[in-house]
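Just so you know, we're using UniProt numbering here: the sequence shown kicks off at 1 and counts up by one.
Report on one structure; see the data block that follows.
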Amino acid sequence: MSTKFKTVITTAGAAKLAAATVPGGKKINLNVMAVGDGGGKLPVPDAGQTQLVNEVWRHTLNKISQDNRYSNYIVAELVIPPEVGGFWMRELGLYDDEGTLIAVANMAESYKPELAEGSGRAQTCRMVIIVSSVESVALSIDSTMVMATQDYVDDRLAEHEKSRRHPD
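Take a look at the structure:
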């Protein structure tokens, strides 16, 4: 069975990653992810892309980190809040702080409702990219733009309640 869903580093992204690995090279600051509906059908990611087929929403990343298991994997995370929606999600784009599309992916089709439709949910989208040198990418986030998901808060509270790190 062939792979239906995948992430591709764009030509522009590959050039920037290569330039960042040379001595004195500028690190890439990945800071924005966009979601698209693929123009009504599941797109096939292409290295030549400079934008999504049909972007429907864009926002600052909620989190970017090095994978715990694979040191050359970078995981970018976007959280779409419950009040945003009314569109299908079929594609993702990862952009740097200069607006360059670094990586593009397709994803399992999913409808993102908005609260006004009578149903809403926070939607987390993650994109994993494989790089030859993690040092070429700045893994930092603007903490004023981060949103804690309910699962994250619940997990931290449960962890705290089980610990002995509190005076009560």
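Idealized CB from N, CA, C, for every residue including glycine.
Under three-state DSSP, which class holds residue i?
{"i": "Leu78", "result": "strand"}
{"i": "Thr144", "result": "Annotation note: pLDDT 49 at Thr144 (below 50); position unreliable, no value reported."}
{"i": "Glu98", "result": "coil"}
{"i": "Ala34", "result": "strand"}
{"i": "Glu55", "result": "strand"}
{"i": "Lys16", "result": "helix"}
{"i": "Lys162", "result": "helix"}
{"i": "Leu115", "result": "helix"}
{"i": "Thr21", "result": "helix"}
{"i": "Gly48", "result": "coil"}
{"i": "Gly40", "result": "helix"}
{"i": "Thr3", "result": "coil"}
Going by other Cβ atoms of all chains shown within 10 Å of its Cβ, with 16 needed for buried, is residue i buried or exposed?
{"i": "Pro23", "result": "exposed"}
{"i": "Ile130", "result": "exposed"}
{"i": "Glu109", "result": "exposed"}
{"i": "Asp37", "result": "buried"}
{"i": "Asn62", "result": "buried"}
{"i": "Thr10", "result": "buried"}
{"i": "Met33", "result": "buried"}
{"i": "Gly99", "result": "exposed"}
{"i": "Ala105", "result": "buried"}
Which residue from the options puts its Cα closest to that of residue i?
{"i": "Ile28", "options": "Val84, Thr3, Ile64", "result": "Ile64"}
{"i": "Ile80", "options": "Thr60, Glu117, Ala12, Lys6", "result": "Thr60"}
{"i": "Trp57", "options": "Gly48, Val35, Ala47, Leu92", "result": "Val35"}
{"i": "Met107", "options": "Tyr73, Glu91, Ala14, Glu114", "result": "Glu91"}
{"i": "Gly40", "options": "Asn54, Ala20, Thr100", "result": "Asn54"}
{"i": "Asn31", "options": "Tyr73, Gly48, Arg164, Gly93", "result": "Gly93"}
{"i": "Gly86", "options": "Ser163, Pro113, Arg165", "result": "Pro113"}
{"i": "Thr50", "options": "Val8, Asp67, Asn72, Tyr73", "result": "Val8"}
Does the separation of the CB atoms of residue i and residue j fall below 8 Å?
{"i": "Asp96", "j": "Lys16", "result": "yes"}
{"i": "Met127", "j": "Ala103", "result": "yes"}
{"i": "Trp88", "j": "Tyr111", "result": "yes"}
{"i": "Pro45", "j": "Lys4", "result": "no"}
{"i": "Leu115", "j": "Gly13", "result": "no"}
{"i": "Lys26", "j": "Ala18", "result": "no"}
{"i": "Glu161", "j": "Thr124", "result": "no"}
Counting Cβ pairs, one atom from each stretch, are 3 or more of them under 8 Å apart for the stretch 110–127 and the stretch 68–82?
-> yes
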